[in-house]
Every structure is written in C-alpha cells, then in structure tokens.
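2 protein chains.
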Amino acid sequence: MGDKKKNSAESDLMQKIVGLCKRRGFVFQSSEIYGGLKSAYDYGPLGVELKRNVMAEWWRSMVHEREDVVGLDASIIMSPKVWQASGHVGGFSDPLVDCKDCKTRFRADKAPVVEKGAEVKYRAQGKTVTGVANQPYVCPECGSPNLSEEREFNLLFKTNLGPVDTGDSTVYLRPETAQAMFVNFLNVQSTYRLKPPFGIAQQGKSFRNEITVEHFIFRSCEFEQMEMEYFCPPEEAPNWLDYWKQERFDWYVRLGCKKENLRLRAHEDDELAHYADGCYDVEYKYPWGWDELEGIANRTNYDLKKHQEASGKKLTYFDPVKINPETGKQGVHYLPYVIEPAAGATRTVLMFLLDAYDEEPPSEGRKDGRVVLRLHPRLAPIKVALLPLVKKDEWLTGKAREIVKDFLRNGINAFYDEKDAIGRRYARQDEAGTPFCITVDGQTKEDGTVTIRYRDDMRQDRIKLEEAVHIVTSKIRE
Amino acid sequence: MGDKKKNSAESDLMQKIVGLCKRRGFVFQSSEIYGGLKSAYDYGPLGVELKRNVMAEWWRSMVHEREDVVGLDASIIMSPKVWQASGHVGGFSDPLVDCKDCKTRFRADKAPVVEKGAEVKYRAQGKTVTGVANQPYVCPECGSPNLSEEREFNLLFKTNLGPVDTGDSTVYLRPETAQAMFVNFLNVQSTYRLKPPFGIAQQGKSFRNEITVEHFIFRSCEFEQMEMEYFCPPEEAPNWLDYWKQERFDWYVRLGCKKENLRLRAHEDDELAHYADGCYDVEYKYPWGWDELEGIANRTNYDLKKHQEASGKKLTYFDPVKINPETGKQGVHYLPYVIEPAAGATRTVLMFLLDAYDEEPPSEGRKDGRVVLRLHPRLAPIKVALLPLVKKDEWLTGKAREIVKDFLRNGINAFYDEKDAIGRRYARQDEAGTPFCITVDGQTKEDGTVTIRYRDDMRQDRIKLEEAVHIVTSKIRE
Numbered sequence: 072m073g074d075k076k077k078n079s080a081e082s083d084l085m086q087k088i089v090g091l092c093k094r095r096g097f098v099f100q101s102s103e104i105y106g107g108l109k110s111a112y113d114y115g116p117l118g119v120e121l122k123r124n125v126m127a128e129w130w131r132s133m134v135h136e137r138e139d140v141v142g143l144d145a146s147i148i149m150s151p152k153v154w155q156a157s158g159h160v161g162g163f164s165d166p167l168v169d170c171k172d173c174k175t176r177f178r179a180d181k182a183p184v185v186e187k188g189a190e191v192k193y194r195a196q197g198k199t200v201t202g203v204a205n206q207p208y209v210c211p212e213c214g215s216p217n218l219s220e221e222r223e224f225n226l227l228f229k230t231n232l233g234p235v236d237t238g239d240s241t242v243y244l245r246p247e248t249a250q251a252m253f254v255n256f257l258n259v260q261s262t263y264r265l266k267p268p269f270g271i272a273q274q275g276k277s278f279r280n281e282i283t284v285e286h287f288i289f290r291s292c293e294f295e296q297m298e299m300e301y302f303c304p305p306e307e308a309p310n311w312l313d314y315w316k317q318e319r320f321d322w323y324v325r326l327g328c329k330k331e332n333l334r335l336r337a338h339e340d341d342e343l344a345h346y347a348d349g350c351y352d353v354e355y356k357y358p359w360g361w362d363e364l365e366g367i368a369n370r371t372n373y374d375l376k377k378h379q380e381a382s383g384k385k386l387t388y389f390d391p392v393k394i395n396p397e398t399g400k401q402g403v404h405y406l407p408y409v410i411e412p413a414a415g416a417t418r419t420v421l422m423f424l425l426d427a428y429d430e431e432p433p434s435e436g437r438k439d440g441r442v443v444l445r446l447h448p449r450l451a452p453i454k455v456a457l458l459p460l461v462k463k464d465e466w467l468t469g470k471a472r473e474i475v476k477d478f479l480r481n482g483i484n485a486f487y488d489e490k491d492a493i494g495r496r497y498a499r500q501d502e503a504g505t506p507f508c509i510t511v512d513g514q515t516k517e518d519g520t521v522t523i524r525y526r527d528d529m530r531q532d533r534i535k536l537e538e539a540v541h542i543v544t545s546k547i548r549e
Numbered sequence: 072m073g074d075k076k077k078n079s080a081e082s083d084l085m086q087k088i089v090g091l092c093k094r095r096g097f098v099f100q101s102s103e104i105y106g107g108l109k110s111a112y113d114y115g116p117l118g119v120e121l122k123r124n125v126m127a128e129w130w131r132s133m134v135h136e137r138e139d140v141v142g143l144d145a146s147i148i149m150s151p152k153v154w155q156a157s158g159h160v161g162g163f164s165d166p167l168v169d170c171k172d173c174k175t176r177f178r179a180d181k182a183p184v185v186e187k188g189a190e191v192k193y194r195a196q197g198k199t200v201t202g203v204a205n206q207p208y209v210c211p212e213c214g215s216p217n218l219s220e221e222r223e224f225n226l227l228f229k230t231n232l233g234p235v236d237t238g239d240s241t242v243y244l245r246p247e248t249a250q251a252m253f254v255n256f257l258n259v260q261s262t263y264r265l266k267p268p269f270g271i272a273q274q275g276k277s278f279r280n281e282i283t284v285e286h287f288i289f290r291s292c293e294f295e296q297m298e299m300e301y302f303c304p305p306e307e308a309p310n311w312l313d314y315w316k317q318e319r320f321d322w323y324v325r326l327g328c329k330k331e332n333l334r335l336r337a338h339e340d341d342e343l344a345h346y347a348d349g350c351y352d353v354e355y356k357y358p359w360g361w362d363e364l365e366g367i368a369n370r371t372n373y374d375l376k377k378h379q380e381a382s383g384k385k386l387t388y389f390d391p392v393k394i395n396p397e398t399g400k401q402g403v404h405y406l407p408y409v410i411e412p413a414a415g416a417t418r419t420v421l422m423f424l425l426d427a428y429d430e431e432p433p434s435e436g437r438k439d440g441r442v443v444l445r446l447h448p449r450l451a452p453i454k455v456a457l458l459p460l461v462k463k464d465e466w467l468t469g470k471a472r473e474i475v476k477d478f479l480r481n482g483i484n485a486f487y488d489e490k491d492a493i494g495r496r497y498a499r500q501d502e503a504g505t506p507f508c509i510t511v512d513g514q515t516k517e518d519g520t521v522t523i524r525y526r527d528d529m530r531q532d533r534i535k536l537e538e539a540v541h542i543v544t545s546k547i548r549e
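Those sequence lines, one after another, are chains A and B.
Per my numbering, residue 72 is the first one in the first sequence, and the count goes up by one each step.
Per my numbering, residue 72 is the first one in the second sequence, and the count goes up by one each step.
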C-alpha cells in the first residue's frame, strides 16, 4: 500500500510537470495536430530558453572557462565506417520479443520478471487463463507468457545518402556525439597544438531507435547530448576519472539542484561496458526512482585503437619529453586514454524542472497558494519581468518598455507584461521560473524608484531605477 | 581571358579559405580518417565558436531583442503527415539524368546548356567524337550528349521509426525548420497569448539529399538553418515583407559584412515558389558570383491552410476587435499570412569567413605580410588573447592567466598563449580573427599597465590592467 501511494504521488508530480510544460509552453508533443509522433517533443518559447541556458552553462564551464578543453561540432551523418569501427553497426542492439497474444513487441530486459517454466495467470480474450512461462519474463502489456524467441534489434537509424537506395549508400544517424571526437582527435590536437591531458567537447542531437521510450523527455528516440572526451596519458586516467566524476556532480549542485536528490554511483563490474575500466553515474531521484543523469567513464584507449585499426591511420600522440620504456630515451608515441563525462541535455532539462517545481499552500496574508519554479537565475528562461502597475498610464508602460530595452542591451532576457492584475502577473512569472519582477508605478514618476520582487521569498524592495540592471546582473552571476 | 583570370582568382580565394579552415581548425572534412563523406563537414575549435556566435547574434536580434518574436526548438523527425501536407513528400524533387557514356548522374538544371538537336563535340574513350544533343544540355563531367530521360528524385532523407522496416514506419528528416512553426502555431500563440503580428523563430539542422553539393559548406546535405515565421493579418503582409527584407539585409551589415558585397534581389514572377506572393533574396558576392544567403518570402496563408485541411484542426486566429466583413460586427476568425526570413547558418559562416579574409603585403617597418580575418568582434571565436612576453617569467605567465580568468568570469572568451615569439603569436591571432591581444611584460610589474594590440590596424596602446575588461567589453558591444 505504501508503495502504491508513493507511486501515485510520483506520477502525480510527473503529470503536473507535463501539464505545466504544455500549459506554459515549455514542451509540446511534436506534430500534435497530427496526433503526435512517438516520443517526439518540441520545445516551446520557455522550453527553448531553458534548454539553451542549460547547454550554454555546460559549454561555459566545460569549454570557455577551461584552458584544457576545446569545442567541436560534427555532422550528424558521418561515414558509415565510423559506426562499423565503433561496433555500433554490429552490436548496438536490444533484445526484442513479440507477445503471441496481444501482438505487442517489447524489450526483453524491460519486461516483468517471472521464473521460466512457472505457471502464470493472465487475461486473454476477456477471461483469466493460466499458462506456462516460456521465457524468464511475461508480456508487459497483457501479462501473457506466450512469447516469441528474442531477436536482436539494432538501435541505429538508417538512411541513404545519394540518389539510389542501394546497400552501399546506407548511412546512419549518430547514436552518440562521442565518436566524432575520436575520429577528429588528431585534427583537433594538431591544429590547436594541444598536449594531453586535454578535452574535446561537443553538444548536439543524437538518435536511437529505442523500443521503450519513457518518462516524457527522459528517454526519447531523438535527444540532445553534452559530451566531452578527455584525452590523457594512460597512467593519469584513474585520477582524471576521480576528478571528472566530482566536477560533474558539483556542476549540477552549482546550478541549484538539491544535493539530497543527487548521488554518484560506481558501476558494478558486471554493468561496465566492455570498453570501460571504471564508470560512475550521476543519478537523480526522479519520481520513478534513482535513474541516470550522466555517465562518467574511463573508456581507456579502446575507441582510438579501434579507429586506428579500421582506418589504417596512426592516431597516436607523440610526446617528445616522456621516456620511451623500450628505448630508455626521450620521445614516445602513445594512444591516450579517455575519460568521458556524457550528459543528456534533454533529461537534464527534465531534472531541473522536477527539482525546481514547488507548490506553496495559501498562507497568512496570502489567500491563494502558488506554483513556483525555483530555477537557478542562470537557467531561468526569463530573467526579469517588467510590469507597469497600470496598463492605461502611458508613462508607466513607456518607462517599463524602456527598462526592458536596457536589460536586453545588457544581454539579460527581459519580458514585458501589462495584462491582468499585478498578482496574476506575479503568479505567471513564478510558474515560468522568472527570478525577478520589477514593477513601475506612480512613485516611479516622483522619485525614480521601482519595486523589485524576488520569486523565491516574494520579498519586495524599493530600489533606484538606475540600479536595476546592476542588481539583477549580480544576482545572476552569484 | 579576363573571365578566366577572374575565375582563377576566385577559386584561389576559396582554396585559401578551405586551407585556412583546415589548418586553423575552423572546418574539417567529416570522417576524414575514413576518406571523408560527401559534403559533410565538422566544425573544429575555432569554427564551432564562430558558428555559435553567428547563431547567437541571430537569436539575440530576432528573439531576445524583440517583444514580438518567441523561440521554438522542434524535433528533426516529425510526423510524416507534416511532410505530406506541406507537399514535400509528393513534390520536393530534382530532375536527375544519367550520362550513358561516363555513367555520371547529375541534376538537369545544373548541366551546361546547349541547343537540343545541336551537334556537340566531346571526348569519349580517348577520342574526340561528335554527337547530337538529345536534351537541351550535356553531361557536366564528360560533355557527352548521350543522356537518359530526366526522372524526379525526392530530396527527403527517409528512415524508419520503430523496429520494423515496413512502409508505415517511414519517417523523414526535416528538409526545413519552417514547418514546425506552422504545426505549432496555435500551441505557441495560445500559451504565450500572442496577437498577430508575431513571429516564431527556430534554429537547427535540416537535411536535403542534394545531388549537387558545392562550394565547400555553401551547399551540403546536412546544414543548419535560422528561420522565422512572422504571422500577420493578411492586409499587413506586403508592409511586413518590406520591413523584414530590410531588417535582414541590415543585420549582415551590422555584423560587419561589406555593403558592396551584399544586395537585395526581388524574385522574378517565374522564380517564385508556388506558395509565395513576393520574395527577396539577400545575395552575397561569393567568389563564384552573386548567390543566395537568405530568402525573405511572403508565404501567404498557404502553409496554415494546408495543415488545417490535412489535420482537420482549425488553425485560425480569433481577433475579438477586428470587424468581420461578413457580419459587420466585431470578432473575426482568420488564417494569418506569413512573412518568412529564412537564413542558412552554415553559408552565413562561409560568407563571414570570405568577407573577413584579408592579406596584407609586407610594408614599411614590417618585413612579413600577414593574413588577417577581420571578423566583427561579436563573431570572433576568441575575443582576446593574453600573451606573456616571456614564457619563463612566472610572474608574467601567472598574471596573464589571472587576466584570462577575469575575462572568462565576465563572459568574454579569452585565450592564453605563451608559445613562440610575440610576432608569431600576433600572426596566429590575426589569422584566427582575434580582435584584441594583450601583452603582459616587465613594465606590467612596475606600473600595472599592459599593451593592448588591435588586430585591424595593429595599433598598440598602453592601458591600465584594471581597465582591460572594460575596454574590450565596450569595443565588443559597439
């Protein structure tokens, strides 16, 4: 019972987030007027700003603020040889099973577990019947144990480049951004004259033909990644894995994610990808339980080695100072090891929405409760809303619009709103996560002051108009 | 002769740009270690920053600085019904022809024109032979007039969503971002409570299975767009077309593109797309001649009407004030007209590289010439380089690194370089388009001043260290 209650509270929160996203224009179902498309989502006016802010913060902390990391933006359709070498064409697959009763196709590793050979009760054609499980799981839709054999289904999206649909024009949509960094390793290293340890970072869309898409934008076939490959001398890899797992954990905390909802979990040996020598997940306490936000793995030199073999191009780095153990002299060629912090931008957006969502009940002096998104000011889609107290007073509206322009000139996304009573306007901004509201009123005419209202505690201060930009800027930078 | 000379100077410039892009890490051939992939390019450390800056400037001027435009970020794979309704599945095609001699497949509308039935001389199997043109053009490869019939080739990339490659799982990669704005028109309008005229803007990748890819990143199968759909009352459309064509032209000029290399060209009636009532191209004088940079079209209500018909969903806007001509009373439902400024981000990057490229010969007092990219400071990948005069002086290097951090904290992308003589370091930054270099030297220790060197005229000023951030910031904002 306790579990059921918990589950319903959890799905309740997800429903509220999905509802808020649609109502306020964070996230819409894609192609909605045509009945939508499986697990495809469009980011509306507020959502696109939130996602851009999340991705800009990542770029700032991973590329701009570091001397040892540079950026890359590779094409989504790469040479098919890349995916042959990386193992994605051969092995990147899920075990799929068909239910012989309800004809559902599902992923074997996501189905309800039973003992193979056990008697199972399920509903078929309106009756409860009994069957024997021919697999160690049953159909997740109807509970039937009458299942097909498992078969492997490759997750790569295939398409054809060029005018003819022949086999040799087959290309793939990238299932991850990472391989572009391996393939471009030497180009980037040599043009930028970089010396390991150094990183190459990339953001962008990836595509996986997932059978099980779930939890709104958490797992969808088209998604956005933020990945960095950090190339280092092999002996330094364990230390850099430690460094990056902590740095990435701290990034979420710095952007306001509640620490108690985050954890670092080391992969068990049997969970490790075959190429990885150590991996941590940054996990978030989603409404459905702890689940992945980001993986930080020691990929060793697996990828560079594979691409070196497949392309016939030498991908080693030459260190002129390091002692070559074979000759005892300075100068050695080696394949760097790679530490990879790989985050999902779209699921990070979902996480920040969940973590920031708050409902306040009515309280003394305030008869209405409110919904508030306590987003970090750097992430908030709108940083400051300018509200003239009275819509019909042209001096007020003109002044408010002037201040909007002033903010925009300073690179701060400001929003003008004159519709409805001031309380409703505050409520709309609370729900959109806007950290500051500035109200222009009669007193502004007299003494040049305005009211600044803080989203989180609803405190209101009277400040000088000319200080407004400075106050908001420094709060955002804090 | 004059023409040939001109052409060779032009291709010379393209070769220099391609060379610079590769050498300095602006643009690499994609999957280069595997021999590349047709017309696919990856943006290296400098290129990704340049492209991000171009796209950020567009977003700033089109979304953030305007009250009447909001953003959108839709999925690349949309419902196939969107592309059926828009006409892309049925009609989005190029006429293709095969050469019977050299087996080249090419686009009929891009082939060298001859008179049909004319005698044509060409080379086949090592000999010059004569043939009769069976089409009003010849093979662009070998000049042969022995050609197949034309057939239509659809430009949409097809793939399959879900586990089975059956016809009904077919989906397409979007060939333009525009349709997402039409499909989401009402969702965005109602959640943001917008009243025409208003716009929805989007940036992102689009894909066209082009047969003729050309001019480096100018035309490639995978490319990045910056599109805005401006929804307005039908009677206002001509005025808004005028407004937007000028506004978009001015945007390029504001970002430093030379005015003499830009022009606005009205489409002739026979060039107009079937849905358009008026269209202008912003054209740039590329090395191969005037060619498109951006199109600004009056798309009428063609798209909304098509999607309304195909989806069965009403897509009209209700204006409660406007007089309904049928009833003579206030309140009318109508389909807005749409003005669309549609720019290519990737070709805009190429344009800015071409336009900014300059070679200065050696001059009095300077024995070496230089290559300089005169990029607008807002577009420059690196805004400021910090150069300690002497690498071995730890005070200098420490100070320079401190200043780098100070710039980064202020959101200005700074770069530290201590390798090689100062002249070579300046030359590297000139070639990368870095507008400012700051040198820290012995005098800095004594009086706290540094040298700031301006890329364009190589002027050097002595400034106070604490003014550096302010000076650079205000030059960038200018």
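Each residue gets a CB set at the ideal place from its N, CA and C atoms; glycine is no exception.
Range of the contiguous beta strand (DSSP E) that encloses residue i
i	result
K329/A	Taken as a continuous stretch (DSSP letters only), K329/A belongs to no beta strand (DSSP E), as it is neither H nor E.
V442/A	441-444
I271/B	269-278
G164/A	The question names Gly, but residue 164/A in the sequence shown is Ser. Start and end: 164-169.
V254/A	Segment 249-254 is the alpha helix (DSSP H) holding V254/A; no beta strand (DSSP E) there.
I523/B	520-525
A485/B	485-487
E354/A	350-357
K490/A	Neither: K490/A is in no beta strand (DSSP E) and is coded neither H nor E.
E397/B	No beta strand (DSSP E) holds E397/B; DSSP gives it neither H nor E.
Residue range of the unbroken alpha helix (DSSP H) whose run includes residue i
i	result
H404/B	No alpha helix (DSSP H) contains H404/B, which is instead part of the beta strand (DSSP E) from 401-405.
A156/A	151-156
A539/A	539-548
L375/B	373-382
I493/B	493-503
Cβ separation of residue i and residue j, assumed to be a contact under 8 Å, to the nearest whole Å
i	j	result
Y405/B	Y373/B	Not really, about 14 Å apart at Cβ, beyond 8 Å.
A179/A	Y208/A	6 Å
F99/A	D83/A	F99/A to D83/A, Cβ: 21 Å. No contact.
I410/B	A308/B	6 Å
Y357/A	L425/A	7 Å
D532/A	R441/A	Between R441/A and D532/A the Cβ distance is about 20 Å, and since that is not below 8 Å, they are no contact.
A451/B	G504/B	5 Å
Beta-bridge partners of residue i, as assigned by DSSP
i	result
M422/A	Answer by DSSP bridge pairing: none, since M422/A is not bridged.
L333/B	Y355/B
F389/A	H404/A
F507/A	V455/A, Y525/A
G482/B	Paired residue(s): none; G482/B is not in a bridge.
G551/A	No answer is possible for residue 551/A: it lies beyond the span of chain A, which begins at 72 and ends at 549.
W361/A	K356/A
Neighbour flag for residue i against chain E, beta carbons, 8 Å
i	result
C170/B	The structure shown contains no chain E; the protein chains it does contain are A and B.
- Task: Taking only runs that begin and end inside the stretch 81-149 of chain A, name each unbroken alpha helix (DSSP H) of 4 or more residues, in chain order.
- Result: Fully enclosed alpha helix (DSSP H) runs of 4 or longer: 116-130.
- Task: Answer yes if the stretch 288-299 of chain B comes into contact with the stretch 264-280 of chain B, meaning at least three C-beta pairs across the two stretches below 8 Å, and no otherwise.
- Result: With the cut-off at 8 Å, the stretch 264-280 of chain B and the stretch 288-299 of chain B touch.
- Message: Across the stretch 101-108 of chain B and the stretch 442-462 of chain A, are there enough close Cβ pairs to call them in contact, namely three or more that are closer than 8 Å?
- Response: Between the stretch 101-108 of chain B and the stretch 442-462 of chain A, the count of C-beta pairs closer than 8 Å stays below three; the two stretches do not touch.
- Query: Counting pairs of beta carbons, one from the stretch 317-332 of chain B and one from the stretch 413-432 of chain B, are three or more of them closer than 8 Å?
  - Reply: Yes, the stretch 317-332 of chain B is in contact with the stretch 413-432 of chain B.
- Query: Does the pairing of the stretch 428-445 of chain A with the stretch 329-342 of chain A give three or more beta-carbon distances under 8 Å?
  - Reply: Contact between the stretch 428-445 of chain A and the stretch 329-342 of chain A is absent, because fewer than three Cβ pairs lie under 8 Å.
- Task: Could you tell me whether the stretch 210-219 of chain B touches the stretch 185-196 of chain B, using the rule of 3 or more Cβ pairs below 8 Å?
- Result: Short answer: they touch.
- Task: Decide if the stretch 256-274 of chain A is in contact with the stretch 130-147 of chain A; the criterion is three or more beta carbon pairs, one per stretch, under 8 Å apart.
- Result: Contact between the stretch 256-274 of chain A and the stretch 130-147 of chain A is present, because at least three Cβ pairs lie under 8 Å.
- Please specify which runs of the alpha helix (DSSP H), each continuous and at least 4 residues long, are wholly inside the stretch 158-220 of chain A, giving them in chain order. As far as the stretch 158-220 of chain A is concerned, its whole alpha helix (DSSP H) runs of at least 4 residues are 159-162.
- Task: Examine the Cβ distances between the stretch 140-160 of chain A and the stretch 364-380 of chain A and report whether three or more of them are shorter than 8 Å.
- Result: Verdict: yes, contact present.
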